[in-house]
Amino acid sequence: MKIVKQLPAGEYTVIEVSEKTYFGNYAVIDGKEYPTAIAYDLPNCIGIKGSGNFVNKDVTFHD
Numbered sequence: 460m461k462i463v464k465q466l467p468a469g470e471y472t473v474i475e476v477s478e479k480t481y482f483g484n485y486a487v488i489d490g491k492e493y494p495t496a497i498a499y500d501l502p503n504c505i506g507i508k509g510s511g512n513f514v515n516k517d518v519t520f521h522d
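Oh and the sequence shown: position 41 is 500 in the numbering used here, straight run, nothing missing.
Below, the structure is given as structure tokens:
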């Protein structure tokens, strides 16, 4: 699924994905694994520990 938006948040980046999904403990973007953190009250969003330009990239999640 695609990342459609992102917002920096300290050492994290909040990403919004194109569809509802189960967010696991890790996000994989461009072959790199990032730990996730809950982004409360933000539909289709999850925090990832890291920074970069993630918009329009594919992401997968796992535990």
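Cβ coordinates follow ideal geometry from the N, Cα and C atoms, glycine included. Since this is a predicted model, take the numbers as computed values, not measurements.
From the DSSP output, in three-state form, read off Ala498 for me.
The answer is coil: DSSP assigns Ala498 none of H, G, I, E or B.
Based on Cα-Cα distance, which residue from Thr480, Lys479, Glu475, Asn515 lies nearest to Gly506?
Closest by alpha carbon: Glu475.
Got a sec? Which residues, its chain only, sit under 7 Å from Lys479 by beta carbon, not counting five neighbours each side?
Correct list, in chain order: Asn503.
Lys479 lies in the beta strand (DSSP E); which residues open and close that run?
Counting along the chain, Lys479 falls outside any beta strand (DSSP E), and DSSP gives it neither H nor E.
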